[in-house]
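I have placed the structure first, in the form of structure tokens, so that the comments after it can refer back to it.
Protein chains: 2
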Amino acid sequence: MGDASFGSRLAAVFATRGHLCLGIDPHPYLLAEWGLPDSADGVLDFGLRAVEAAVDRVGIVKPQVAFFERHGSAGYAALEKVIARARGGGVLVIADAKRGDLGSSVEAYGQAWLSPGGALESDAMTVSAFQGVGSIARPIALARESGKGLFVLAATSNPEGESVQTARIRGGEHEGRSVAAEIVSEVVNANAADAAPLGSLGLVLGATVSAKQYGIDLESLLGPPATPVLAPGFGHQGAQFSDIRPLYGEVMANVIVSASRSVLKAGPQGIADAIARTAGELAECLA
Amino acid sequence: MGDASFGSRLAAVFATRGHLCLGIDPHPYLLAEWGLPDSADGVLDFGLRAVEAAVDRVGIVKPQVAFFERHGSAGYAALEKVIARARGGGVLVIADAKRGDLGSSVEAYGQAWLSPGGALESDAMTVSAFQGVGSIARPIALARESGKGLFVLAATSNPEGESVQTARIRGGEHEGRSVAAEIVSEVVNANAADAAPLGSLGLVLGATVSAKQYGIDLESLLGPPATPVLAPGFGHQGAQFSDIRPLYGEVMANVIVSASRSVLKAGPQGIADAIARTAGELAECLA
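Residue numbers (the working numbering), protein chains in the order written: chain H, -9 to 277; chain F, -9 to 277.
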């Protein structure tokens, strides 16, 4: 209860440690490249080594839950250790879980990832609002009560997402608005109650898509309070750091820039240098 | 490889054991009513007792993953045992996970739940296509190769889902189609390659919403091959078995009718009778 809000902690990370977020994605092919088995032990070793390299070099990590879930309960036990090590090292953890459901089920997902003292306790998680932003009201409330954050998928970095995310709302006062814009608007409104300069509810806006084309008004994210943005799509998916300014404009000040495979491919020996180099390149582009 | 497709196995279940699916949802309040702790041990005990009662009375169970994930890796270990017991008892297991992501991440989710021999191996899982039906191409391929099934969220049973699911696709040859109708169409098309009378790719169409209002053409689900439907929303959420015929018409023959809280509230002593009674009521409405 005495803890700062997630938004406040994120703002402090931006100010002191920069905007880079290391994605912890133990793809089977990366495990092989790292000389690790495709097993729960392998993802544990991979995750811990990535976190060790990250702790002094970035302020945020984002484990991709799917690659741990792939190994069932043993993979989850590995993920618990990776998350705990990162948080113990003072790094914010965003669980990239993309969970979504209704009512008490989505509330249970929120509790799984955001409850203080829980085995999977993270600082924030990604959620999907296919069942409507109203469906995630309980995780939003839980995040607020617990000093945690949520990042709601709005415009994802994959091209196949366009048809759903640019579809137009029918009827009501938001007639004609895109699905992505509707989600943006609801998240911005939910942040409005927050007294901190940076809100605790964020949006996923991929760096490979145009906000304008998706009908999103980026200015609405400037606040106060400002709405943080989690931006995947750099490196392997094609976006460059030099795209950040044209893509996000002033919102750039509150963007979490996620890099995964482009850094992880450096292998266990090279990862620390790759993180430091990537963080330096990013800082230059944001200066 | 020699196994029948999921669609074939589901058709056999419909013919011999009926259409009722028991939702295994260990809500905290139900654990309390059952006299069980709100812990991994509690959800294990709850899940195993529900499965024991289900095995001779229904052909399908649907664990709600969120209530197990709530207890982290220990909750997942419990879920693995519950799934294995159900499958060992000859009951089809649909993991209600509502997973969604892109590329290799969503492929990893498919592998987690559908890989033969995997710790969480189920017969089918629910998935979300907020990132586009194209984003779930790999789990679709995996399901086909492994004799497994997928149920893609189209029109969910919660009222907050309407704005996203009835939004209109913009541009392209499907201009003006609803998001729900687009998903239905893509799933029906993906089933078309299937030689069995009942396809292995299904849709989630809640019993609390009108297919027509969501722009969905139910006739397209008749096939061949027919597209199975997972229908939540009965009991606690308000739909009645007598609504099935007006809601689904001829598609009724391929609807999985899910009931959770309305049965689970009978408690550990009453659940077997509650399942039998509910299955009987359903069979009468479908006759």
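Backbone N, C-alpha and C fix where the C-beta goes; we use that ideal spot for every residue, glycine too.
Can you tell me which of the three DSSP states F/SER168 falls into?
strand
Which of the three DSSP states, helix, strand or coil, is assigned to F/LYS255?
Three-state result, F/LYS255: coil.
Mark H/THR6 as exposed unless 16 or more other C-beta atoms lie within 10 angstroms of its C-beta, in which case mark it buried.
exposed
Using a threshold of 8 angstroms, state whether the C-beta atoms of F/LYS138 and F/VAL117 are closer than that.
no
Hey, out of H/ASP207, H/LYS255, H/ARG(-1), whose CA is closest to H/ASP15's CA?
When only C-alpha atoms are compared, the closest one is H/LYS255.
Quick one, which residues of the segment 167 to 185 of chain F are near chain H if we go by CB-CB under 7 angstroms, in chain order?
For the segment 167 to 185 of chain F, residues whose beta-carbon sits nearer than 7 angstroms to a beta-carbon of chain H comprise VAL169, GLU172.
Selection of the segment 44 to 64 of chain H by Cβ proximity to chain F, strictly under 8 angstroms:
GLN54, ALA56, PHE57, GLU59, ARG60, HIS61, GLY62, SER63, ALA64
To the nearest angstrom, report how far apart H/GLY(-8) and H/ALA277 are at their CA atoms.
With a pLDDT of only 41 at H/GLY(-8), under 50, the local geometry of the prediction cannot be trusted, and the value read off the model is given with reservation. Distance between the alpha carbons of H/GLY(-8) and H/ALA277: 33 angstroms.
Considering F/ARG362, what are the terminal residues of the beta strand (DSSP E) in which it resides?
There is no way to answer for residue 362 of chain F, as the model of chain F reaches only from -9 to 277.
H/GLU70 CB to nearest chain F CB: under 8 angstroms?
H/GLU70 counts as touching chain F.
Terminal residues of the alpha helix (DSSP H) in which H/GLY(-3) lies
-4 to 7
Cβ shell of F/GLY79 (< 6 angstroms), same chain only, five flanking positions each side left out
VAL45
Check for me: the alpha helix (DSSP H) holding F/PRO18 runs from which residue to which?
18 to 23
Measuring CB atoms only, is the segment 174 to 190 of chain H touching the segment 213 to 220 of chain H, in the sense that at least three cross pairs come out at less than 8 angstroms?
yes
Any Cβ of chain F within less than 8 angstroms of the Cβ of H/ALA133?
no
Tell me, please, whether the CB atom of F/MET(-9) is closer than 8 angstroms to any CB atom in chain H?
Summary for F/MET(-9): the model assigns pLDDT 38, below 50, so the residue's position carries little reliability, and this model does not support an answer.
Simplified DSSP assignment, three categories, for H/ASP263:
helix
Span of the alpha helix (DSSP H), counted from its first residue to its last, around F/PRO236:
234 to 238
Just verifying my parser: in three-state terms, what is the DSSP assignment at H/GLY13?
strand
Quickly, what does DSSP pair H/GLY192 with across the bridge? List them, please.
H/PHE141
Endpoints, alpha helix (DSSP H) assigned at H/SER248:
H/SER248 -> not in any alpha helix (DSSP H); beta strand (DSSP E) instead, spanning 245 to 249.
Is the CB-CB distance between H/GLY13 and H/LYS71 below 8 angstroms?
Taking 8 angstroms as the Cβ cut-off, H/GLY13 and H/LYS71 do not qualify as a contacting pair.
State the Cα-Cα distance for the pair F/ALA144 and F/GLY239, rounded to the nearest angstrom.
18 angstroms
Identify the continuous alpha helix (DSSP H) that holds F/LEU38 and give its terminal residues.
Taken as a continuous stretch (DSSP letters only), the alpha helix (DSSP H) holding F/LEU38 covers 30 to 45.
Would you kindly check if the distance between the Cβ of H/GLN54 and the Cβ of F/SER95 is under 8 angstroms?
yes
Could you tell me which uninterrupted alpha helix (DSSP H) segments, each at least 4 residues in length, are contained entirely in the segment 79 to 163 of chain H, listed from first to last along the chain?
93 to 104, 127 to 136, 152 to 155
Would you say F/ARG77 reaches chain H, if we count a Cβ-Cβ gap shorter than 8 angstroms as a contact?
no
If I follow the unbroken beta strand (DSSP E) through H/ILE206, where does it start and stop?
Run containing H/ILE206: none; DSSP gives neither H nor E here.
Terminal residues of the beta strand (DSSP E) in which F/PRO53 lies
Counting along the chain, the beta strand (DSSP E) containing F/PRO53 begins and ends at 50 to 53.
Under a three-way DSSP split, which group does F/VAL178 fall into?
helix
Beta-carbon separation (whole angstroms), H/SER147 vs H/VAL199, contact threshold 8 angstroms:
H/SER147 to H/VAL199, Cβ: 7 angstroms. Contact.
Please report how far the alpha carbon of F/SER63 lies from the alpha carbon of F/GLY161, in whole angstroms.
44 angstroms
Starting from the C-beta of F/ALA269, find all residues in its chain whose C-beta is less than 7 angstroms away, skip the five residues before and the five after it, and write them out in chain order.
Result list for F/ALA269: GLY8, LEU10, ARG47, VAL48, in chain order.
With a threshold of 8 angstroms between beta-carbons, can F/ARG128 be considered close to chain H, or not?
no
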